[in-house]
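This report concerns only the one structure given below.
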Amino acid sequence: MKVCFTSKGATLDTPTEERFGRAPYFIIVESENGSFEAIPNPYADGSGGVGPKAAQILIAHNVKALISGQVGGNAREVLDAAGIAMYTYTGGGPVKAAVDKFTENTLIRS
Amino acid sequence: MKLAIASGKGGTGKTMVAANLAFTLSRAGQVTLIDCDVEEPNLHLFFPKTATITGITVPVPVIDENTCQHCGLCGEFCQYGAITVLSNRVLFFPELCHSCGGCMLVCLNDAIHEEPKRIGTVAISTPLPHLKLISGMLDTGNPHAVPVIRSAKKLAAGNPLVICDSAPGTSCPVVEALDGCDICILVTESTPFGLHDLRLAVDVADRLGIPTGIVINRSDGKDQEIIDFCRVQDLEVMMTIPFDREIAAIQSRGNILCQVQPTWQNEFTGLFMKCRDLCKGIK
Ligand code: SF4
Ligand code: SF4
Chain A
9 MKVCFTSKGA
19 TLDTPTEERF
29 GRAPYFIIVE
39 SENGSFEAIP
49 NPYADGSGGV
59 GPKAAQILIA
69 HNVKALISGQ
79 VGGNAREVLD
89 AAGIAMYTYT
99 GGGPVKAAVD
109 KFTENTLIRS
Chain B
29 MKLAIASGKG
39 GTGKTMVAAN
49 LAFTLSRAGQ
59 VTLIDCDVEE
69 PNLHLFFPKT
79 ATITGITVPV
89 PVIDENTCQH
99 CGLCGEFCQY
109 GAITVLSNRV
119 LFFPELCHSC
129 GGCMLVCLND
139 AIHEEPKRIG
149 TVAISTPLPH
159 LKLISGMLDT
169 GNPHAVPVIR
179 SAKKLAAGNP
189 LVICDSAPGT
199 SCPVVEALDG
209 CDICILVTES
219 TPFGLHDLRL
229 AVDVADRLGI
239 PTGIVINRSD
249 GKDQEIIDFC
259 RVQDLEVMMT
269 IPFDREIAAI
279 QSRGNILCQV
289 QPTWQNEFTG
299 LFMKCRDLCK
309 GIK
């Protein structure tokens, strides 16, 4: 299953980003084997509608779960409709710390 | 001639300047005053009079789910994120839509048509024999001020002397209010915050290529910083209104300074003359 983490950079060692629509990178981890892909968010500096546009990227990459700090109302509606589960992570630290928390199944669904 | 009255921040007395300028000039000829602060119009409070109100609509797309093939083209096209196409349905966020009409053009299946959606109103009144007041008003909860401002300004097309009272700040609605004006009057206060916001507002007028003059309101006499800034920027301080309890009281009663203290009419006529000179390029 593909799981997306919002991140400030392109690796598992870069810090997590709490914002969803304006996150600089989406790190998409394949939970089966831990491999990942970093996708730069073209809407990070966009002016409007960044939430739904960012959600469309996740849909296009067949993501099934999103781990982020805060997801806005419109993005939430899109993700919900697309059947993408949302989990809140506000612990900071590198992306891999968030990956560990997700793997341990200790994150709260939002 | 089209005059815009703006300010870098709210509460500088911009509307007071607009109301008094319009009041004074309407005693000599026809004036159209437009309230472009459509999120919080308040000029009508200075000029109470029954108005004719018309609704403003913008076209928004309506997607026919029966014809739609969920190909995704419209969602990819919409740069505002207003449409998301899922495998079995389309999500539309009206508050994100900018009514560009693009989604309808890219749909190859004729699944999108447009319907009008009301976003605000314009109210037209004649509070004084030679004064026409056009007030744009955005419906609450609607984010798109620009089309309402555009409609209000369109109603004044061809009028000889138009005064546009802009919203404060430097956002899109301000740019829309200033667009097409010959002169911009920026109203400021003599505080350090006033100067910071004035800088931003001067920059916007500059980018739009509109000649600008400054009015200092509620001056406590310590205006040197603003005056220095204006000298460096080659901007004329066209008028200084002192901080005065009496003026403040007239204002708060919703009265017009120039009506209560007619000597002020000379000051506002002078302000207009300076604008006209600046417009002609005589400084
Ligand atoms: S472009 Fe037309 S057919 Fe394709 S998803 Fe949009 S509305 Fe449906
Ligand atoms: S009209 Fe333009 S802004 Fe509105 S949904 Fe269609 S493409 Fe997006």
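Chains as they are written, first to last, in the working numbering: chain A, 9 to 118; chain B, 29 to 311. Note that CB positions come from ideal geometry on N, CA and C, so glycine has one too.
Taking the Cα positions, B:S54 is about 30 Å away from B:D248. Relative to B:R227, the option among B:R304, B:G197, B:F300 whose CA is nearest is B:G197. Annotated as distal: B:V59 and B:H126, with beta-carbon spacing of 8 Å or more.
Residue pairing from DSSP leaves B:S115 without any beta-bridge partner. Against chain A, the CB of B:F121 has a partner CB under 8 Å away; the residue lies at that interface. In this structure, B:K182 is the residue among B:K182, B:A277, B:L73 with its C-alpha nearest to the C-alpha of B:G208. Judged by DSSP in its simplified three-state form, A:K61 adopts helix. B:H141 is bridged by DSSP to B:V90. Looking only at B:K77, B:G241, B:V118, the smallest Cα-Cα distance to B:N94 is reached by B:V118. Proximity of chain B to A:Q64 at the Cβ level (cut-off 7 Å) is accounted for by G103, T112, in chain order. By the criterion of a C-beta distance shorter than 7 Å, B:T149 is surrounded in its chain by I81, T82, G83, I84, M165, once the five residues flanking it on both sides are discounted. Note on B:P144: under 16 other CB atoms within 10 angstroms of its CB, so exposed under the neighbour-count rule. Around A:N113, no beta-carbon contact reaches into chain B at under 9 Å, the shortest distance being about 28 Å. Of the heavy atoms belonging to ligand 2, at least one sits nearer than 7 Å to the Cβ of B:H126. Contacts with chain A at 8 Å (Cβ-Cβ) include B:G109. Look at B:L228: its C-beta is not under 8 Å from any C-beta on chain A. Inclusion of B:K77 and B:S153 in the CB contact set at 8 Å is warranted, their separation being smaller than that value. DSSP places A:A93 outside any alpha helix (DSSP H); the residue lies instead in the beta strand (DSSP E), whose first and last residues are 93 to 96. The nearest non-hydrogen atom of ligand 1 is 7 Å or more from the C-beta of B:Q287. Taking a 10 Å sphere around the C-beta of B:E217, we find 16 or more other C-beta atoms and assign the residue as buried.
A:N49 is a Cβ neighbour of A:A31, given a cutoff of 8 Å. Contact annotation for B:L124 against chain A: G56, G57, P60, N82 [CB-CB distance below 8 Å, chain order]. Going by DSSP, B:M266 is part of the beta strand (DSSP E) stretching over 264 to 270.
In chain order, I242, I244, I255, C258 place their CB closer than 7 Å to the CB of B:V265, counting only its own chain and leaving out the 5 sequence neighbours on each side.
Here B:C212 really is in contact with B:A233; their C-beta atoms are around 4 Å apart, less than 8 Å. By the criterion of a C-beta distance shorter than 7 Å, B:L49 is surrounded in its chain by I191, F296, L299, F300, once the five residues flanking it on both sides are discounted. Remark: C-beta atoms of B:L189 and B:M29 approach each other more closely than 8 Å. When 7 Å is used as the limit between beta carbons, A:A90 is near these residues of chain B: L114, in chain order. Judged by their CB atoms, A:I35 and A:S15 are nearer to each other than the 8 Å cut-off.
Here DSSP, grouped into helix, strand and coil, assigns A:N49 to coil.
Around the C-beta of B:P89, 16 or more other C-beta atoms lie within 10 Å, and the residue is accordingly described as buried. The three-state secondary structure of B:A151, taken from DSSP, is strand. The continuous alpha helix (DSSP H) containing B:T43 extends over residues 42 to 54. Taken atom to atom, the span from the alpha-carbon of A:S76 to that of A:N70 is near 17 Å.
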